[in-house]
Amino acid sequence: MILSCYIGETRLKNVIKDMPVFKDEEVEFEMKAFQLDPYAGVHATSDTQTRFAKKYGISMEEAGDTIEHISQLGRDEGIDFKYATTLFTNTMDAHRLTKFAMEKGDKELTDKLVERLYAAYFTDNKELADKDLLLSIAVDCGFDAGEVKAVLDSDKYHDEVVLDEREAARYGIHAVPCFIIGDYALQGAQPAKYMKSALLKAMEKESSKVDESQGMTCGPDGCRIG
């Protein structure tokens with residue numbers, strides 16, 4: 000199960016790709032919804048650097064340095080990551096759209112949609128609350144325009160998103176990414192070695208826990224290290 004972010008999910012997939020043990024094995028991902036801020040508006044009200052400085056009580060310069068470090072983590076995973084200029088908005092409709100895609104049962108199309116949503120936010124710096132944008136992305140991925148529009152113009156899949164968030168709260172999860180791999184939980188965009196360890200232990204069905212050190216996590220007001 001994945002409560003995801005672009006960097007964390009990409010790193011995990013890169014780890015799996017580089018592990019020979021998974022060469023002939025298919026790893027199944029189940030993505031869960033998690034809104035960083037359910038009360039965010041449909042348009043961005045401040046830039047990322049200002050939000051960071053205000054949230055953590057740091058200078059604009061310190062906020063800029065942290066944002067650049069996070070952006071570099073993304074670039075290290077091969078992502079054209081432009082975190083400094085992201086437009087933070089409500090993501091309920093994007094999550095509902097993802098639930099719609101998952102219900103269709105086409106894993107390839109769903110993965111393509113999720114990747115396009117990530118890129119729209121972190122690379123193209125679009126507002127993910129824009130329903131026209133979401134419709135365009137979904138249609139480009141191969142979904143039926145009429146079906147997508149019907150979902151976006153309704154509240155369908157809203158309850159499914161909320162249920163995922165309640166499940167996360169029961170597990171004490173308040174930031175992303177979080178990966179549940181078998182019986183093991185990884186909180187934050189952990190180093191590749193910890194992801195590899197969790198994958199191997201899950202395969203071996205061992206009962207010991209993996210290292211619980213914090214990686215990069217994202218919450219309502221942004222992302223931070225540790």
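The numbering of the sequence shown is numbering that gives the first Met the number 0, which starts it at 0 and goes up by one. Just so it is clear, CB atoms sit at the ideal spot from N, CA and C, and this is done for glycine as well.
Item checked: Spatial distance of residue 296 from residue 78 (CA atoms) -> This structure leaves residue 296 out entirely; the chain is present only between 0 and 225.
Check: Can you tell me whether DSSP reads residue 197 as helix, strand or coil?
Finding: helix
Next item on the list: Compute the Euclidean distance between the alpha carbons of residue 131 and residue 101, then round it to the nearest angstrom.
Entry: 20 Å
Checklist line | Three-state secondary structure assigned by DSSP to residue 243 | finding: Given that the chain is displayed from residue 0 to residue 225, the structure contains no residue 243 and the question cannot be resolved.
Next item on the list: Decide if residue 187 is buried, meaning its Cβ has at least 16 other Cβ atoms within 10 Å, or exposed.
Entry: buried
Check: For residue 85, which residues from the same chain have a beta carbon less than 7 Å from its beta carbon, with the 5 sequence-adjacent residues on both sides left out?
Finding: 47, 120, 121, 124
Notebook entry, point to check: Quick one: is residue 149 buried, meaning 16 or more other Cβ sit within 10 Å of its Cβ, or exposed?
Noted result: exposed
Checklist line | alpha helix (DSSP H) segment containing residue 99, residue limits | finding: 91 to 103
Note to self: Taking the alpha carbon of residue 190 as the reference point, which residue from 43, 25, 104, 76 has its own alpha carbon closest?
What the structure shows: 76
Next item on the list: Return the residue from the list 96, 28, 201 that minimises the CA-CA distance to residue 153.
Entry: 96
Checklist line | First through last residue of the beta strand (DSSP E) which encompasses residue 178 | finding: 177 to 180
Margin query: So for residue 30, helix, strand or coil by DSSP?
Written below: strand
Notebook entry, point to check: Just how far apart, CA to CA, sit residue 32 and residue 49?
Noted result: 26 Å
Check: Taking three-plus beta-carbon pairs below 8 Å as touching, is the segment 166 to 175 in contact with the segment 102 to 115?
Finding: no
Item checked: C-alpha distance - residue 11 paired with residue 60, whole-angstrom precision -> 31 Å
Next item on the list: Check each candidate in 126, 129, 67, 136 and name the one with the smallest Cα separation from residue 109.
Entry: 136
Notebook entry, point to check: Are the CB atoms of residue 9 and residue 39 nearer to each other than 7 Å?
Noted result: no
Next item on the list: May I have the straight-line CA-CA distance separating residue 158 from residue 37, to the nearest angstrom?
Entry: 13 Å
Notebook entry, point to check: Can residue 185 and residue 140 be called in contact, C-beta distance under 7 Å?
Noted result: no
Note to self: Tell me the rounded alpha-carbon separation between residue 193 and residue 162.
What the structure shows: 29 Å
Next item on the list: Could you tell me the distance, in whole angstroms, from the CA atom of residue 118 to the CA atom of residue 134?
Entry: 15 Å
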